[in-house]
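Residue numbers (my numbering), protein chains in the order written: chain A, 1 to 235; chain B, 236 to 560.
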Amino acid sequence: MLRIEGLSVAYGGLKALVEVDLEVSEGEFVTIVGPNGAGKTTLFKTISGTVAPVAGRISYRGQDLLALPAAARAHLGMAHVPEGRQVFKTLSVDDNLQMGAYVAAGRRDWVRNRKRIMELFPVLDERRDQLAGTLSGGEQQMLAIARGLAGSPHLLMLDEPSMGLAPTITDAIFERIRAVHKEDGLTILLVEQRVAEALESCDRGYLLDTGRVALHGSYETLLSDARVKKAYLGM
Amino acid sequence: MKRARVSDLAIIVESFFQAAVAGILVGCIYGLMCCGLSLIFGIMRVINFAQGEFLMLGMYFAFYLVTGFGLVAFLGPIYGPFLAALLAGPVLFVFGYLLHQYLVGRVTGVNVIGAEAEGHYAQLILTLGLSLVLANGGLILFGSVPQVIRTPLSSTAWLIGPLLGDYVEIFINQARAYSALVSILVAVGLFQFMARSSLGKSLLAAADNPEAASYMGIDVDRAHRLAFAIGTGITAVAGGLVATYYPFQPYVGIDFVIIMYAGVVLGGIGSVAGAFLGGFVIGVVQQVSTMVLPIQLQNTAIFVVFLIVVMFRPHGLFGRSAERT
Ligand SMILES: Nc1ncnc2c1ncn2[C@@H]1O[C@H](COP(=O)(O)OP(=O)(O)OP(=O)(O)O)[C@@H](O)[C@H]1O
Ligand SMILES: [Mg+2]
């Protein structure tokens with residue numbers, strides 16, 4: 001579904017990604033882990049088109065993504081839930097969702113998607129007329145995910161949805177992500193620092209370190225790797 | 236003797252009502268022109284000094300449509316001028332769209348993300364220059380003789396009264412009344428577009444968070460261009476309406492650009508409806524102040540009220556904070 005080959009990104013002279021290869025198949029749940037500054041967010045931004053690469057190729061369902069401007073990529077059925085939530089603070093919760101449904105597929109499935117979203121995140125229904133900027137951090141994260149779902153995507157990309165949230169909220173959010181993967185059949189690409197929880201849910205994972213793919217493989221492979229154990233699991 | 240005192244009071248009451256009515260009418264028109272600037276400055280945060288010249292272009296466009304193209308003959312002198320004002324909207328929309336595409340867009344929106352002061356310095360210089368070019372170009376093209384769009388309504392008025400037992404009579408100028416009505420209709424149309432349509436909301440979203448907006452499939456650059464073009468067109472319609480009762484020349488923009496900025500800030504930046512109400516308040520203050528202040532000081536009264544409001548409500552009359560407190 002998503003195939004990345006030899007992707008390199010630089011900010012000025014600084015290399016943020018070096019020849020990254022990554023693949024996500026239809027229906028998979030793939031996790032990317034890695035320390036701060038590894039280039040995870042940069043990778044997501046390059047896929048979505050707000051950062052341009054210096055080399056490499058990205059294709060999504062056979063389409064060359066790099067030939068398209070950022071706004072056009074969302075129309076292909078990929079949703080990016082950005083790091084730090086990035087909700088539209090001055091818009092109401094409902095208007096945020098409606099913007100998530102800006103693409104044609106989102107408009108078509110609006111009623112069904114909205115119902116599903118409110119089932120997953122009932123708190124958003126209670127707060128539908130509140131300005132998104134006044135929601136709590138956890139609620140904003142739920143809204144950011146819900147906004148992504150509102151576009152009827154096939155691929156849902158989530159950048160650190162647990163950032164700055166209490167463990168119980170994080171658990172709830174991971175549970176919803178698993179639900180949309182299992183029940184709605186969405187393909188998931190997840191970036192996470194909470195490695196244990198994130199790897200537990202996924203089919204495959206990648207370890208990104210200083211812009212390179214240091215390791216990739218199944219859940220067991222990653223969990224048993226000494227580097228992952230040492231850096232993240234405190235073992 | 237007693238009779239004389241009553242009529243003194245009646246004159247004051249009458250002139251107050253007269254000024255208030257005039258204020259309400261011009262307030263609606265000011266409200267509409269503020270809506271135009273609100274899209275450009277309030278929402279997209281683009282500093283535009285040329286907004287007054289957009290108003291001026293709307294005036295001349297409507298003027299030439301009425302005098303040169305016989306819209307008066309076709310629709311009659313009563314409806315012609317108002318249709319001409321409305322037609323200034325789409326024409327100046329296209330003008331604003333092209334202006335943004337080739338000039339203003341280079342210093343706004345996605346092109347200035349991360350730039351110093353969000354590109355405000357470049358916008359300041361560019362639009363100040365644009366304002367001069369348009370005003371001076373207007374002088375060459377249109378000449379310096381003040382014009383006004385003549386409609387029989389300019390010199391007709393409805394008489395309300397006598398009220399309060401024969402003492403008070405109020406005249407409502409019909410040109411202003413129709414202009415106010417058209418302003419309200421256009422403004423309501425704009426509010427509906429912004430609040431109900433997906434395209435309208437996408438303009439707000441693009442301004443609120445351009446990066447997230449592009450992840451939603453919103454073309455942020457186009458959103459900026461559209462907002463600029465609509466803002467230009469709306470102010471031009473207001474210009475065409477003002478032209479039915481206010482003599483204008485190519486430098487007329489300066490008379491109004493300050494009113495527009497004051498209205499947008501007074502109403503609360505980021506709210507189109509707020510900008511309308513801000514402009515409305517300014518119209519009322521301006522007209523009522525003429526009762527007590529010499530006409531040269533009417534803009535001073537606007538700023539005194541402006542300062543008082545901003546002192547007590549820094550977000551403007553209708554601004555609300557979207558941050559958690
Ligand atoms: N706009 C930018 N300009 C310059 N350097 C940048 C920019 N954005 C990111 N970088 C650099 O690129 C590297 C990768 O950053 P990135 O945000 O992708 O890391 P990350 O893996 O998402 O980290 P975190 O886990 O902290 O979110 C870092 O060294 C960062 O300083
Ligand atoms: Mg990151």
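Beta carbons: idealized from backbone N, C-alpha and C, even for Gly. Remember, predicted model here, so these are calculated numbers, not experimental data.
Only Ala70, Ala71, Ala74, His75, His80, Pro82, Gln86, Phe88, Lys89, Thr90 and Leu91 from the region 64 to 94 of chain A bring a Cβ to less than 7 Å from some Cβ of chain B.
The secondary-structure analysis by DSSP pairs Phe29/A across a beta bridge with Ile188/A. The three-state reading of DSSP puts Pro397/B in strand, counting E and B together. Under the DSSP assignment, Ile275/B falls outside any alpha helix (DSSP H); it carries neither an H nor an E label. Among the CB atoms of chain B, none fall inside 8 Å of the CB of Tyr60/A. Around the Cβ of Gln140/A, a 10 Å sphere holds 16 or more other Cβ atoms; the residue is buried. Note that the C-beta distance between Ala415/B and Ala323/B is not below 8 Å. As summarised for the region 42 to 78 of chain A, the continuous beta strand (DSSP E) elements at least 3 residues long and confined to that stretch are 55 to 60, given in chain order.
It is roughly 55 Å from the alpha-carbon of Arg57/A to the alpha-carbon of Leu318/B. At least one beta carbon of chain B lies nearer than 8 Å to the beta carbon of Tyr102/A. Looking only at Pro316/B, Gly518/B and Leu367/B, the smallest Cα-Cα distance to Gly262/B is reached by Gly518/B.
Relative to ligand 2, the beta carbon of Glu192/A is positioned no closer than 7 Å to any heavy atom. Per DSSP, reduced to three states, the secondary structure at Ser152/A is coil, with no helix or strand assignment.
Residue pairing by DSSP puts Phe483/B in a beta bridge opposite Gln382/B.
Against chain B, the beta carbon of Thr42/A has no neighbour under 7 Å; the closest one sits roughly 13 Å away.
Sorting Pro549/B, Tyr295/B and Thr343/B by C-alpha distance to the C-alpha of Pro445/B places Thr343/B at the top. Interface annotation, Leu439/B: in contact with chain A, CB-CB separation under 8 Å. At a beta-carbon threshold of 7 Å, the residues of chain A lying near Asn444/B are Gln86 and Phe88, ordered along the chain. By the rule that beta-carbons nearer than 8 Å mark a contact, Met99/A touches chain B. The beta carbons of Ala105/A and Ser152/A sit closer together than 8 Å.
The beta-bridge partner set that DSSP reports for Tyr11/A consists of Leu14/A. Of the candidates Thr221/A, Asp171/A, Thr42/A and Gly77/A, the residue whose Cα lies closest to the Cα of Ile188/A is Gly77/A. For Ala447/B, at least one C-beta of chain A is nearer than 8 Å to its own C-beta. Within the same chain, and ignoring the five residues on either side of Ile384/B in sequence, the residues whose Cβ sits closer than 7 Å to its Cβ are Ala297, Phe298, Val301, Pro316, Ala478 and Thr479. Within the DSSP bridge table, the entry for Asp159/A names Val191/A as partners. Setting aside the 5 residues that flank it on each side, Phe426/B is surrounded in the same chain by Ala508, each with a C-beta closer than 6 Å to its C-beta; the list follows chain order. Distances from the CA of Val527/B to each of Leu274/B, Ile247/B and Leu327/B were compared; the closest alpha carbon is that of Ile247/B.
Identification of chain B residues near Gly205/A by a Cβ-Cβ cut-off of 9 Å yields none; the smallest Cβ-Cβ distance measures about 24 Å.
Annotation: the continuous alpha helix (DSSP H) that includes Glu220/A extends over Tyr219 to Ser224. If you ignore the 5 residues before and after Arg3/A, its C-beta comes within less than 7 Å of the C-beta of Glu23 and Ser59, all in its own chain and listed in chain order. Under DSSP, Ile407/B forms a beta bridge with Trp393/B.
When secondary structure is reduced to three states using DSSP, Tyr337/B falls in the helix class.
Taking all protein chains in view, the Cβ of Asp64/A is surrounded by fewer than 16 other Cβ atoms within 10 Å, so the residue is classified as exposed. Taking non-hydrogen atoms of ligand 2 into account, the C-beta of Glu446/B is found less than 7 Å away from none of them.
Val103/A sits in coil when the DSSP states are folded into three classes, being neither helix nor strand.
Within the same chain, Ser437, Ala440, Ala441, Val455 and Ala458 come within 8 Å of Ala448/B by CB-CB distance, once the 5 residues on both sides are set aside.
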